[in-house]
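K.L.:
Below is one structure. I have some questions about it.
Set out below in structure tokens:
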């Protein structure tokens, strides 16, 4: 009997310790809690933390203010959640919204109104089957500082490339892998206006191989990646 009482007291003590620890966390100042949450490495962890309580949700949003990079890759993130997180990340520079996400044009339009968009230097929309020119144009038209864009595996057309050409003068690299609705005209417009463009990935596109030679006449130093072997002898730089 005495041994059983000791075991019960020990269990009570353990529970009390856990409760005390939980209470200590809840008593953390809002700024300190936000700092602790800013150390979480993944969006999934942040999302879980934001579901603990209303106070933690506010702390998660405050923690996003200091982040320079945010990735939703591999997560089934929807339009509303992605837009809410991006709007809170006012100092964001690198935004990765790619495979696995449930993002549509509506989400991109919401994200385009975030304060950080004009300061983004890198955006990845790779493999987003639910987006079209409508959302992409809205987003890139405000991404004035953009240097790197991955839009491969989407259904964009020349309209999106024209928006990039007109708005992203600092663009250095773009991935258009398997963008089969983009034509030679879109590529020419892009290379003509983005004079700092160093590298373009055109693998899996339906553009005639010979047309890539014309891009080099506009920008001789341009690196064109993943082009067919038949134009290697035409002077195209491949890496």
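Numbering (UniProt numbering), first residue to last: 1 to 239.
Quick reminder that beta carbons are idealized off the backbone N, C-alpha and C, glycines included.
1. For the 8 Å Cβ check, are there 3 or more pairs between the stretch 152–167 and the stretch 122–140?
2. Just the Cα atoms here: how many angstroms apart are residue 82 and residue 120?
3. Could you spell out where the alpha helix (DSSP H) holding residue 138 opens and where it closes?
4. Is the separation between the beta-carbon of residue 190 and that of residue 164 shorter than 8 Å?
5. Using CA atoms only, rank isn't needed, just tell me which of 215, 169, 88 is closest to residue 57.
6. Using 8 Å as the threshold, is the C-beta distance between residue 140 and residue 114 below it?
7. Going by DSSP, what residue range makes up the alpha helix (DSSP H) through residue 217?
8. Quick one: Cα of residue 98 to Cα of residue 74, how far?
9. If distances are taken between C-alpha atoms only, which option among 199, 181, 185 comes closest to residue 172?
10. Pick out the complete beta strand (DSSP E) segments inside the stretch 161–201, 3 residues or longer, and give them in chain order.
11. Residue 108 and residue 135: beta carbons closer than 8 Å?
12. Output yes or no for whether 8 Å exceeds the beta carbon distance between residue 215 and residue 182.
P.N.:
Taking the geometry as given:
1. Here the stretch 152–167 makes contact with the stretch 122–140; the two share three or more CB pairs at distances below 8 Å.
2. For the purposes of this step, residue 82 is taken as the residue at position 82 of the chain shown. For the purposes of this step, residue 120 is taken as the residue at position 120 of the chain shown. Those two C-alpha atoms are separated by around 15 Å.
3. Looking up residue 138 in the chain shown gives position 138. In the DSSP annotation of this structure, the continuous segment of the alpha helix (DSSP H) that includes residue 138 starts and ends at 133–140.
4. Taking the first residue of the chain shown as position 1, residue 190 is located at position 190. Taking the first residue of the chain shown as position 1, residue 164 is located at position 164. It is a contact, given that the beta carbons lie within the stated cut-off.
5. Here residue 57 refers to the residue found at position 57 of the chain shown. Closest in C-alpha terms to residue 57, from the list 215, 169, 88, comes 88.
6. Within the chain shown, the letter at position 140 stands for residue 140. Within the chain shown, the letter at position 114 stands for residue 114. Residue 114 is positioned such that its CB atom lies no closer than 8 Å to that of residue 140.
7. Along the chain shown, one-based indexing puts residue 217 at 217. From DSSP, the alpha helix (DSSP H) with residue 217 extends over 211–218.
8. As a first step, residue 98 must be located in the chain shown, where it is residue number 98. As a first step, residue 74 must be located in the chain shown, where it is residue number 74. Across the structure, residue 98 and residue 74 are spaced so that their CA atoms are roughly 7 Å apart.
9. Numbered from its first residue, the chain shown carries residue 172 at position 172. Ranking the options by Cα distance to residue 172, first place goes to 199.
10. Segments of the beta strand (DSSP E) lying fully in the stretch 161–201: 173–175, 199–201.
11. Against the chain shown, residue 108 aligns to sequence position 108. Against the chain shown, residue 135 aligns to sequence position 135. Yes; because the gap between Cβ atoms is below 8 Å, this pair is in contact.
12. If you number the chain shown from 1, residue 215 lands on position 215. If you number the chain shown from 1, residue 182 lands on position 182. No, the Cβ-Cβ distance between residue 215 and residue 182 is not below 8 Å.
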